[in-house]
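A short worksheet on the structure shown next.
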Amino acid sequence: MLITLVGISIISWVVITQAPGSPIALTMDPKASPKVIEQMMKNYDLDKPIYQQYFLWLKKLFTGRLYSFKDGRPVLEKIEERIWNTLLLNLVATIITFSLAIPLGIFSARRQYSFLDHLGTFGAYLGISAPTFWLAYLLILGTVELFGYPVLGMRSFVTEDFTTTELVLDRIWHLMLPSIILAIHSIAGISRYTRSSMLEVIRQDYVRTARAKGIPEEEVYYKHALRNALLPIITIFGFLIPDLIGGAIIMETIFAWPGIGRLSYQAVLARDYPVVMTILTISAVLTLIGNFIADLLYGIADPRIRYR
Amino acid sequence: MEKQQSKVFWRYFKKNRLAVGGLILGILIFLIAIFAGLLSPYDPGKTDVSLKLKPPSARNLLGTDQLGRDVFSRMLHGSRISLTVGFIAVGISIFIGIFVGATAGYYSSWMDSLLMRFVDTMLCFPSFFLILTVVAIMGPSLINIMVVIGITSWMGTARFVRAEFLSLRERDFVQAARSLGVKDLRIIFRHILPNALAPVFVTATLSVASAILVEAGLSFLGFGVQPPAPSWGNILTEGRTYIFDAWWLTIFPGLAILITVLSFNLVGEGLRDALDPRLRGRR
């Protein structure tokens, strides 16, 4: 795992600083006097040999000394401000996803080949294939036409006069749309996955036994079959993180949600490389940790795998 | 032997109506892309500001955009971009994937571990963000987009190919070839690879679907195909400002993306079902 970690940081760094058309040379104003250029090169360590640049970058990253190109503030500080917003959004989206996807999958599996199953399957395909930004605009069009209420950002403009309940409701309202759309794609995928997993489990002998023993159908499904069907879903958990960060970029930009997705997009636009590199590395690391935890959970859940 | 296999495969595939529908749709879109020039009533780049932002009518089937260009013609030409990006990007990713997967699967031990570590590392990156970043750095041109998508999506293919190689490597026909003195490279390409390709078709089709979505997303964020070249993504972006007044600039491109991606997904899943021996017993 350590090697992967190192690999991640190296790739991030190489991609950003060494790619053709890259950065650091471009941010310097070619018309500046030689003294200024020299100073800038010193600031960004460009006067040192390549491998040293990499280590210096790493050091700066960990000690929080990496500064944004755009406004000179420490990168970590900028991230810290917004990461909770994104996490909030992702948390809500994930809750929505799992609470809808799993029941849908089970529902489909129970009525395999029925009309509802086919409908559900088709719906899932639509969900996977629809471009998220398009869905976002459709929903925006819909809600604004129907409700006439502003949908952008985290809170409405005139909030000083609101009572606490209204504040909370307002916050929830703004959360709903982006989370729902973020969730749609995942719901589609996970419900299909659940369905096929359930289908496989149902063919097993122990399910037949359970039924033969006279256990009520509901219990057979929700208690016995589900536990085993959920196992593969745990492995997907690890992969959810990078998807959410990627999907968040578009959602946050559309809904003007102040999270790190939007931060990264603005950073890319402004060619703010320290920020971009940091976010890239951090998401990769988070994914790694996520996968690791998923593996652990899988090991705990399925005793067969425990002793490698 | 191979002829029989494809007959069996077709029988299963045909039973899946959604997949067949997807295939027909896909072929249709492919034809549209090829004959876009002939099918377009107007020149997609021709501006006529007196006709700007007109709703769909008999003259302009899908309306006009803010510069008076016919949306229908632009959409037809946009299909070319989407399909081109899809196919070439996936072509690149399959090439890399097969190479890495075959090497890892055939030559086990340290080569395998090293390559798999590399695959794991690449898998950790949020792909869309990575693609966005690299395209932003290298400049948004059609080639850059295709190459970047290609070099960030090979990992799935690599894993599947490796898995197939690992199992096929121990089979009799490979042992036989080896004992006859056939060189390694020849064994890989001529003997093992053709049998390992089945999952690659599935991944390839599904990858085209996702590549098209990525291209649309990039265009939407401004880093895809640049205007005035028509791409479904950037028609949508340009229409953003007029969303409440000119709904046709938003609905149609998205619909086009949806239908195209849907067709590839349906075919891909159909392929997967038809090729997966475990599921056979049920039908």
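The listed protein sequences correspond, in order, to chains A and B.
Numbering of the first sequence is given in this note's numbering, commencing with residue 796 and proceeding in unit increments.
Numbering of the second sequence is given in this note's numbering, commencing with residue 1006 and proceeding in unit increments.
C-beta: ideal position from N, C-alpha, C; glycine also.
Extent of the continuous alpha helix (DSSP H) to which E1274 (chain B) belongs = It spans W1253 to L1280 - the alpha helix (DSSP H) in which E1274 (chain B) sits, taken as one unbroken run.
Indicate the three-state DSSP secondary structure (helix, strand or coil) for P869 (chain A) in the structure shown.
-> In the structure shown, P869 (chain A) sits in a strand (DSSP, three-state: E or B).
Would a check of beta-carbon distances place A820 (chain A) closer than 9 angstroms to chain B?
-> Low local confidence applies: a pLDDT of 48 at A820 (chain A) is under 50, so the model's placement there is unreliable, with the coordinate-based value given in what follows. For A820 (chain A), the nearest beta carbon of chain B is not closer than 9 angstroms to its own beta carbon.
Would you report the Cα separation of D1177 (chain B) and N1200 (chain B), rounded to the nearest angstrom?
-> Each residue's CA atom was taken as its position, placing D1177 (chain B) and N1200 (chain B) some 13 angstroms apart.
Kindly identify the DSSP beta-bridge partner or partners of D1125 (chain B).
-> Under the DSSP definition of a beta bridge, D1125 (chain B) lacks any partner.
Check whether the Cβ of R1006 (chain A) lies closer than 8 angstroms to any heavy atom of the ligand HEM, and answer yes or no.
-> The ligand content of the structure shown is nil, which means the ligand HEM is not present either.
Taking the alpha helix (DSSP H) that E1169 (chain B) falls in, what are its first and last residues?
-> That run of the alpha helix (DSSP H) goes M1160 to L1173.
Using DSSP with H/G/I as helix, E/B as strand and the rest coil, what is D1075 (chain B)?
-> Correct three-state label for D1075 (chain B): strand.
Under 8 angstroms Cβ-Cβ, which residues of chain A neighbour W1252 (chain B)?
-> Below the 8 angstroms Cβ cutoff, chain A contributes L936 as neighbours of W1252 (chain B), in chain order.
Per-residue contacts from N1065 (chain B) into chain A (C-beta, under 7 angstroms) | Within chain A, no residue comes near N1065 (chain B); the closest Cβ sits about 21 angstroms away, beyond 7 angstroms.
Residues that F1123 (chain B) contacts on chain A, provided the C-beta gap is smaller than 8 angstroms | Neighbours of F1123 (chain B) in chain A, taken as residues at a C-beta separation under 8 angstroms, are given in chain order as G802.
Is the beta carbon of A888 (chain A) less than 9 angstroms from the beta carbon of P973 (chain A)?
-> P973 (chain A) sits close to A888 (chain A), with the two beta carbons spaced by under 9 angstroms.
Distance CB(T1208 (chain B))-CB(T1162 (chain B)) smaller than 9 angstroms = The answer is yes: Cβ separation under 9 angstroms.
If we count the other Cβ atoms within 10 Å of its Cβ and call it buried at 16 or more, is W1067 (chain A) buried or exposed?
-> Looking at the sequence provided, one finds Asp at residue 1067 (chain A) rather than Trp. Buried: at least 16 other Cβ atoms inside 10 Å.
Beta-carbon separation of G1096 (chain B) and S1268 (chain B) under 9 angstroms?
-> Taking 9 angstroms as the Cβ cut-off, G1096 (chain B) and S1268 (chain B) do not qualify as a contacting pair.
Any 3 or more C-beta pairs closer than 8 angstroms across the stretch 1060-1077 of chain A and the stretch 1099-1115 of chain B = The stretch 1060-1077 of chain A makes no contact with the stretch 1099-1115 of chain B: fewer than 3 CB pairs, one atom from each, lie closer than 8 angstroms.
Contact list for the stretch 911-932 of chain A against chain B, Cβ threshold 9 angstroms | Those residues of the stretch 911-932 of chain A that come within reach of chain B (Cβ to Cβ, closer than 9 angstroms) are H913, T916, F917, Y920, L921, I923, S924, A925, P926, T927, F928, W929, L930 and Y932.
Residue nearest to I1256 (chain B) in terms of C-alpha spacing, selected from B:T1052, B:L1067, B:Y1017 and B:N1021 | Nearest option by C-alpha distance: B:L1067.
Hey, is N1023 (chain A)'s beta-carbon within less than 9 angstroms of any beta-carbon in chain C?
-> Reference to chain C is not applicable here, since the protein chains of this structure are A and B.
Skipping 5 residues on each side, what residues in its chain have a beta carbon closer than 6 angstroms to that of P1053 (chain A)?
-> Within the same chain, P1053 (chain A) has close Cβ partners R877 and N880.
Taking C-beta to C-beta, are A978 (chain A) and T892 (chain A) nearer than 9 angstroms?
-> With respect to the 9 angstroms criterion, A978 (chain A) and T892 (chain A) are classified as neighbours on the basis of their beta carbons.
Indicate whether V1025 (chain A) and A904 (chain A) have their beta-carbon atoms separated by less than 9 angstroms.
-> In the sequence as presented, Val is not what sits at residue 1025 (chain A); that position holds Leu. The Cβ atoms of L1025 (chain A) and A904 (chain A) do not sit closer than 9 angstroms to each other.
Under 8 angstroms by beta carbon: chain B residues contacting S894 (chain A) | Listed along chain B, no residue sits closer than 8 angstroms to S894 (chain A) by beta-carbon distance, the nearest being about 24 angstroms off.
Out of B:P1060, B:F1194, B:P1233 and B:V1266, state which residue places its alpha-carbon closest to the alpha-carbon of F1035 (chain B).
-> Residue B:V1266 is the option with its Cα nearest to F1035 (chain B).
Among the residues of its own chain, which have a CB less than 6 angstroms from the CB of T1242 (chain B), if the five just before and after it don't count?
-> So the list reads F1225, once near-sequence residues are dropped.
Indicate the three-state DSSP secondary structure (helix, strand or coil) for T1076 (chain A) in the structure shown.
-> The three-state secondary structure of T1076 (chain A), taken from DSSP, is helix.
In or out: V1054 (chain B) buried (at least 16 other Cβ within 10 Å) or exposed?
-> It is exposed - the Cβ of V1054 (chain B) has fewer than 16 other Cβ atoms within 10 Å.
Cβ of V1071 (chain A) within 9 angstroms of any chain B Cβ | Answer yes: the Cβ-Cβ gap between V1071 (chain A) and chain B drops below 9 angstroms somewhere.
V1002 (chain A) to P1098 (chain A) span [Cα, whole Å] = CA-to-CA, the gap between V1002 (chain A) and P1098 (chain A) works out to about 19 angstroms.
Under 6 angstroms Cβ to Cβ from L1092 (chain A), same chain only, skipping five residues before and after it: list those, please.
-> Correct list, in chain order: I1029.
Can you find a C-beta in chain B that's less than 9 angstroms from the C-beta of R990 (chain A)?
-> Not closer than 9 angstroms to any Cβ of chain B, the Cβ of R990 (chain A) fails to qualify, so no.
Nearest-angstrom Cα separation, counted from L921 (chain A) out to I1031 (chain A) = Approximately 20 angstroms, taken between the alpha carbons.
Whose C-beta lies closer than 7 angstroms to the C-beta of I1037 (chain B) among residues of the same chain, with five residues either side of it excluded?
-> Correct list, in chain order: L1044, L1081 and S1084.
Would T1208 (chain B) count as contacting chain A if we go by Cβ distances under 9 angstroms?
-> By the rule that beta-carbons nearer than 9 angstroms mark a contact, T1208 (chain B) does not touch chain A.
Output the boundary residues of the alpha helix (DSSP H) element that contains Y920 (chain A).
-> Start and end: F910 to S924.
Does DSSP classify L821 (chain A) as helix, strand or coil?
-> Low confidence applies to L821 (chain A): its pLDDT is 47, below 50, so where it sits in the model is not reliable enough to give any reading.
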